[in-house]
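One structure is given below, encoded as structure tokens.
Number of protein chains: 4
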Amino acid sequence: MPKPGQAGGRPRDSRVDHAIAEAVRALLAEHGYAALTVDAVAARAGIGKAAIYRRFATKQEMIFAVILHGMSEKPPADTGTLRGDITALAAWFGDRIAHADAGVMAGLVADIHADPALQTRFTDTYLTLERSILAALIDRAMARGELPTRPDPALVHGLLLGPLFTWQIMLGESAARTPQLAHTVAHMVTDALSMGVIPPATP
Amino acid sequence: MPKPGQAGGRPRDSRVDHAIAEAVRALLAEHGYAALTVDAVAARAGIGKAAIYRRFATKQEMIFAVILHGMSEKPPADTGTLRGDITALAAWFGDRIAHADAGVMAGLVADIHADPALQTRFTDTYLTLERSILAALIDRAMARGELPTRPDPALVHGLLLGPLFTWQIMLGESAARTPQLAHTVAHMVTDALSMGVIPPATP
Amino acid sequence: MPKPGQAGGRPRDSRVDHAIAEAVRALLAEHGYAALTVDAVAARAGIGKAAIYRRFATKQEMIFAVILHGMSEKPPADTGTLRGDITALAAWFGDRIAHADAGVMAGLVADIHADPALQTRFTDTYLTLERSILAALIDRAMARGELPTRPDPALVHGLLLGPLFTWQIMLGESAARTPQLAHTVAHMVTDALSMGVIPPATP
Amino acid sequence: MPKPGQAGGRPRDSRVDHAIAEAVRALLAEHGYAALTVDAVAARAGIGKAAIYRRFATKQEMIFAVILHGMSEKPPADTGTLRGDITALAAWFGDRIAHADAGVMAGLVADIHADPALQTRFTDTYLTLERSILAALIDRAMARGELPTRPDPALVHGLLLGPLFTWQIMLGESAARTPQLAHTVAHMVTDALSMGVIPPATP
DNA sequence: ATATAAGCGAGACGGTACGTCACGTCTTTGT
DNA sequence: ACAAAGACGTGACGTACCGTCTCGCTTATAT
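Chains as they are written, first to last, in my numbering: chain C, -10 to 192; chain Y, -10 to 192; chain W, -10 to 192; chain X, -10 to 192.
So this is what it looks like as structure tokens:
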């Protein structure tokens, strides 16, 4: 008779994780965010619903985890100049948005607003990362003497990401022109930063 | 037997329309977008569900109609200068967004992506209006000789609206600082326009 | 100024009554009892629902009134013998049942059980009539000395009508053979009456 | 990843079946056939509507199944004589009818006429059973030489069951007198059979 | 002659029940 | 102990009817 180990039991099957992720992505692409059901994911993945709920508390957590998992590309490195950094960052933002499905992003954002747990997760995982990237960028520019004053990173975040995000989510514009918009945004924000147009953080 | 009248029937009761609108707004404010149910709206409004579905094909159409109805405030008029026009427009955008609930806006945007009928309605009702406002603004600036080239109105739209929209919906930032952001955006976009940074429409 | 007359107003339009009756009969024949809706009757009759509800309190009252209106054929007269009377009465019962739609009768009976008002109406209009016919028949037979004792009219009613009614409603048998069954029933009941098999009423 | 089992799944909970049956019976007894709603059944049974609709396609199927399930008592056995067999069968019919609610039976019969699926089910489950009982009874009587000719079983069915069924459903008479009626019917039908009054089946 | 009163077709109204669907949980059998 | 399968309670959806209530109009009768 085996002794009751406290860490025993059958280990989670990593193929199940992959099957879930693939099924979610396929179903989102085929039928859209609103039509995604947990039963359909389980059927497509050839697994049981319990295997999903053992991993994620809710459907939204599942989608969130699956979608935001592939987005962990490395952010752009130091280019040596403010203009270079901003341009690279805008391009990075634009790329990620252009490669995402607008409907999925919209659904995700709505679900984040509906569920405080997801909101926390989103803030911690995502916004914090981007904010730190921006803060580092600004720090480097300050060190280089490229900025007259230290602009509020939150404002810069909105100014850089906003047009790109809105372009596809709100305005329904083509992802093909996102690079052009990213370039314009970068140009504009760099000029604004250089001229001290963007106010500092208010304590 | 009397001849069949061709235009009879009891007219729609406008009190029902108002009751629906009020109930929707109250329930959205109290419990949020995701928790809104048609039964609850009917109960709160003191009407039957049929009265709702006689007016709106789906729950989403109802919310869409109710929420986007009060938004038909007059856009800002000609201020005489490009900077004035842009500043006023950014403030107008910011105001409307700041007075809306972020969760409701997010839900609405997600539903618009999920339903082609709503998408059409949104484009026709909303985007078309804003685009025409922007086009007129640009036309006036061109006539005044304030622009070196004619910028793509779609890009300007994204650059102006994007940061404000994203500020609350995506970044979850405070509505209190929206006016500050609107001012910054206006400054930045005006400069960019004056310097010909924003490319023209690609035919 | 005329005083409020107590008998003024536009009189009921008899064409409306006929249109209702015809519509009800047509729709029952086409789609069956369960599928009959008041809206459909109004539409088919080319009238408004209010005209129906001005005449009948409920849908069931309407159907009841329409269906049981054409059934007021004269019951068979005295034939001079018990056997002749019973045979004629069984044939009369059989005829009425054979000319009715089984589904409609079943629906009507169910509605009668569901609504006390209809039940009263049915008893007063229908059962009372048939009972009096039977009582008269028995009285004549008693006077002729054809019966050893006075049988309970209620039992005779059940014995005569029962097989014919059940034949189509419960057993789903063909109306074509109803006359044969009526003849058999008459033969059997006459014999039973003559031999005093049917007990008298219990006081 | 484990291979998909072909026979897994949680089995139907028999307590749910019993709870449904009990709830249906209780609600029918308390409020009558017309007032029975699926929601009420679910609430009373302490289960979800889905559990009901997983078992029955419609409300009518549910009622049908519940009501006609307890009716599967054993039919009377061979008594050795035609008179004994007929008397026992009439008493059996009378018993089942007397123990049923007239309103429920009426509703059930109406629903059977409204739904071809139920009609088939009723014919196969019920009529076929009773017909075979009758056929066997007639066969035995023929073998005993108690019948001059072979009567049509369908006619005998109508003659035996008809008065008893109609007594309560159509005439609204008291169930208390059903045994008396059953006895009279049996007497009458036995005499008719013995004398060859009931015609043979027409091919 | 004209005001009153009721009837008329049309269709919106509050309400109730239907049957469907999805969620997240629970229960079985298998390995 | 985890897997797939699938039943479970819950609760919202959108539909269909019921019987009632306006609406603007028509039609008799009673002043």
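Note that the Cβ used here is the ideal one computed from N, Cα and C, for glycine as well.
- Contact annotation for aspartate 180 (chain X) against chain W: Met177, Asp180, Ala181, Met184 and Val186 [CB-CB distance below 9 angstroms, chain order].
- Contiguous beta strand (DSSP E) elements confined to the region 15 to 77 of chain Y do not occur, taking only those with 3 or more residues.
- If you look at serine 121 (chain C), you'll find it in the alpha helix (DSSP H) that goes 117 to 133.
- Gly147, Leu148, Leu149, Leu150, Gly151, Pro152, Leu153, Phe154, Thr155, Trp156, Ile158, Met159, Leu160, Gly161, Glu162, Arg166, Gln169 and Leu170: these are the residues of the region 147 to 170 of chain C whose beta carbon lies less than 9 angstroms from some beta carbon of chain Y, given in chain order.
- Against chain W, a Cβ distance below 7 angstroms from leucine 144 (chain X) picks out Leu170 and Thr173.
- A buried status is given to threonine 76 (chain Y), since no fewer than 16 other beta-carbon atoms sit within 10 Å of its beta-carbon.
- Its chain contains Gly37, Lys38 and Ile41 as the residues whose beta carbon lies nearer than 7 angstroms to that of alanine 31 (chain X), once the 5 sequence neighbours on both sides are disregarded; these appear in chain order.
- Using beta-carbon distances, glycine 83 (chain C) does not count as an interface residue toward chain Y, since no partner is under 9 angstroms.
- Judged by DSSP in its simplified three-state form, alanine 181 (chain W) adopts helix.
- CA-CA distance, proline 189 (chain Y) to glycine 92 (chain C), rounds to 28 angstroms.
- DSSP, reduced to helix, strand and coil, places leucine 136 (chain X) outside both helices and strands of the structure shown, so it counts as coil.
- Look at glycine 21 (chain W): its C-beta is under 9 angstroms from a C-beta on chain X.
- Using a Cβ-Cβ cut-off of 8 angstroms, valine 98 (chain Y) is close to Ala95, Val98, Ala99, Ile158 and Met159 of chain C, given in chain order.
- For alanine 143 (chain C), the uninterrupted alpha helix (DSSP H) run begins and ends at 142 to 158, by DSSP.
- For alanine 103 (chain C), the nearest beta carbon of chain Y is closer than 9 angstroms to its own beta carbon.
- Against chain C, the CB of glycine 92 (chain Y) has a partner CB under 9 angstroms away; the residue lies at that interface.
- When the five nearest sequence neighbours on each side are left out, the beta carbons in the same chain lying within less than 6 angstroms of the beta carbon of isoleucine 101 (chain C) are those of Leu107, Gln108 and Phe111, in order along the chain.
- For threonine 109 (chain X), the enclosing alpha helix (DSSP H) stretches over residues 105 to 111.
- Within chain Y, the residues placing a beta-carbon under 7 angstroms from that of leucine 116 (chain C) are Leu160, ordered along the chain.
- When the beta-carbon positions are compared, alanine 87 (chain C) and proline 168 (chain C) come within less than 9 angstroms of each other.
- The distance from the Cβ of arginine 139 (chain X) to that of methionine 131 (chain X) is about 6 angstroms, consistent with a contact at the 8 angstroms cut-off.
- The beta carbon of alanine 181 (chain W) sits closer than 8 angstroms to the beta carbons of Leu148 and Ile187 from its chain, once the five residues preceding and following it are set aside; these are given in chain order.
- The residue from C:Thr114, C:Ala164, C:Leu126 and C:Met60 with its alpha-carbon nearest to that of leucine 78 (chain C) is C:Leu126.
- Taking arginine 85 (chain W) as the centre and dropping the five residues before and after it, the same chain places the C-beta of Met60 and Glu62 closer than 8 angstroms to its C-beta, in chain order.
- The DSSP-derived three-state label of alanine 190 (chain X) is coil.
- Taken atom to atom, the span from the alpha-carbon of histidine 146 (chain W) to that of leucine 123 (chain W) is near 7 angstroms.
- Nearest in C-alpha terms to glycine 151 (chain W), of all of W:Ala103, W:Ala171 and W:Ser3, is W:Ala171.
- Pairing valine 27 (chain X) with lysine 48 (chain X), the inter-Cα distance amounts to about 7 angstroms.
- DSSP places glutamate 11 (chain X) in the helix class (H, G or I) of the three-state scheme.
- Alanine 103 (chain X) sits close to glycine 21 (chain W), with the two beta carbons spaced by under 9 angstroms.
- Apart from sequence neighbours up to five positions away, no residue of its chain approaches glutamate 11 (chain W) with a beta-carbon distance below 6 angstroms.
- In this structure histidine 176 (chain X) is buried. Its beta-carbon is surrounded by 16 or more other beta-carbon atoms within 10 angstroms.
- Here aspartate 74 (chain C) is buried. Its C-beta has 16 or more other C-beta atoms within 10 Å.
- The beta-carbon separation of isoleucine 52 (chain X) and leucine 71 (chain X), rounded to 37 angstroms, does not stay under the 8 angstroms limit for a contact.
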